[in-house]
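A.B. asks: So that we are looking at the same thing, I have put the structure below in structure tokens.
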Amino acid sequence: MIAIKAENLTRRFGKFTAVDQISLEVERGEVFGFLGANGAGKTTAIRMFCGLIKPSAGDAWVGGISIRKSPRSIKKRIGYMSQKFSLYEELRVSENLDFFAGAYNLSVSEAEKRKDEIVRQFQLEDFTDRTTKSLPLGWKQRLALGCAMLHRPEILFLDEPTGGVDPVTRRNFWEMIHNLAAEGTTVFVTTHYMDEAEYCHRISIMNHGEIAAMGQPAELKKQYDKETIQEVFVHLIKSDLC
Ligand SMILES: Nc1ncnc2c1ncn2[C@@H]1O[C@H](COP(=O)(O)OP(=O)(O)OP(=O)(O)O)[C@@H](O)[C@H]1O
Ligand SMILES: [Mg+2]
């Protein structure tokens, strides 16, 4: 089953094309790594998938819903962890969970149930009364993922969820991502950490708004005759600069 499909998806800002006719398909339960240099167009593409900005051309379907025709209906089906920190720093952890439960229109009883489940699943028990700003970054990111999961979305868009997070916490985060995928959640994730790219089922590498390569990490290493995804990435971005 296809969870995310893009067909010639394009976004221009004035004369500048940030996302240039990208096409891709992501299967249900897949962990798809959306890689690319700074400014390649990843966040712009994700914001289109989430129905937050309109495509200039092309279309995409998220959970079968067209982002062009019904951008508002997508919200119920997805969780979105934005690149910029999206939690309210002054609120306590439990208050952030309450806020997002309200934003997703959960009933009072469902909100209580899901809050308890998320606190347990993300091991936030010792932090619920702490203000969000007092948490270490890795725990803030866990909370942000928890908030994005409150309404049990079938598709998760994670935009650099581990940026600035230490290696052990990053590994824990990726364990959680794989557990979610094993339960059938589709995870579309951006990262600049090439070790994380190796944990994805498939990846794409984006450059100047276009997808330069796409496939399983092992396939891409073979195709470009490189030992690591880092080398494939550098090769693709460098060959563009030459
Ligand atoms: N609202 C906007 N108006 C004009 N230009 C924009 C706007 N949003 C993004 N851009 C431009 O589009 C390009 C792609 O930006 P985007 O944020 O999608 O890149 P990215 O791949 O997410 O980069 P990073 O890895 O740094 O997060 C950049 O050149 C950016 O300056
Ligand atoms: Mg970005």
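Okay, so the sequence shown: first residue is 1033 according to my numbering, each after it adds one. Cβ atoms here follow ideal geometry from the backbone N, Cα and C, with glycine treated the same way.
Using only CA atoms, which one of 1181, 1041 and 1264 lies nearest to residue 1055?
C.D. replies: Closest option to residue 1055, Cα to Cα, is 1041.
A.B. asks: Quick check on the burial criterion: 16 or more other C-beta atoms within 10 angstroms. Buried or exposed for residue 1168?
C.D. replies: With fewer than 16 other Cβ atoms within 10 Å, it is exposed.
A.B. asks: Who are the Cβ neighbours of residue 1049 in its own chain at under 6 Å, not counting the five residues just before and after it?
C.D. replies: Around residue 1049: 1241.
A.B. asks: Among 1188, 1171 and 1156, which one has its Cα closest to the Cα of residue 1108?
C.D. replies: Looking at the Cα atoms, 1188 is the closest of the given residues.
A.B. asks: Below 8 Å, can you find three or more Cβ-Cβ pairs linking the region 1078–1094 to the region 1149–1160?
C.D. replies: Output reads no: the region 1149–1160 does not touch the region 1078–1094.
A.B. asks: Rounding to the nearest angstrom, what Cα-Cα distance links residue 1266 and residue 1252 in this structure?
C.D. replies: Residue 1266 and residue 1252: Cα-Cα distance of roughly 13 Å.
A.B. asks: Considering just the uninterrupted stretch of the beta strand (DSSP E) at residue 1191, what are its terminal residues?
C.D. replies: Element bounds for residue 1191: 1187–1191.
A.B. asks: Counting C-beta neighbours from all protein chains within 10 Å, is the total for residue 1236 16 or more, i.e. buried, or is it exposed?
C.D. replies: Answer is buried; the Cβ neighbour count reaches 16.
A.B. asks: What are the boundary residues of the alpha helix (DSSP H) that includes residue 1200?
C.D. replies: That run of the alpha helix (DSSP H) goes 1199–1214.
A.B. asks: Work out the CA separation of residue 1140 and residue 1069 for me, nearest whole Å.
C.D. replies: Distance between the alpha carbons of residue 1069 and residue 1140 is about 43 Å.
A.B. asks: For residue 1246, which residues does DSSP report across the bridge?
C.D. replies: For residue 1246, which the question treats as bridged, DSSP gives the partners 1236.
A.B. asks: Taking all protein chains shown into account, decide if residue 1034 is buried (16 or more other Cβ within 10 angstroms of its Cβ) or exposed.
C.D. replies: The residue in question, residue 1034, is exposed, as its Cβ has fewer than 16 Cβ neighbours within 10 Å.
A.B. asks: Please determine whether the Cβ atom of residue 1115 lies at a distance below 8 Å from any heavy atom of ligand 1.
C.D. replies: Checking the Cβ of residue 1115 against ligand 1 gives yes.
A.B. asks: Taking the C-alpha atoms as reference points, what is the distance between residue 1238 and residue 1244?
C.D. replies: Distance between the alpha carbons of residue 1238 and residue 1244: 6 Å.
A.B. asks: List the DSSP bridge partners of residue 1157.
C.D. replies: According to DSSP, residue 1157 bridges with nothing at all.
A.B. asks: Just list the residues that DSSP pairs residue 1038 with in beta bridges.
C.D. replies: DSSP lists 1056 and 1092 as partners of residue 1038.
A.B. asks: Got a sec: does ligand 1 put a non-hydrogen atom nearer than 8 Å to the Cβ of residue 1238?
C.D. replies: The answer is yes for residue 1238.
A.B. asks: What separation, rounded to the nearest whole angstrom, lies between the Cα atoms of residue 1215 and residue 1047?
C.D. replies: Cα to Cα, the separation comes out at about 42 Å.
A.B. asks: Anyone know if the C-beta pair for residue 1051 and residue 1060 falls short of 9 Å?
C.D. replies: No.
A.B. asks: Out of 1148, 1071 and 1231, which one is the CA nearest neighbour of residue 1208?
C.D. replies: Here the closest residue by C-alpha is 1231.
A.B. asks: If you run the structure through DSSP and keep just helix, strand and coil, what is residue 1220?
C.D. replies: In the structure shown, residue 1220 sits in a strand (DSSP, three-state: E or B).
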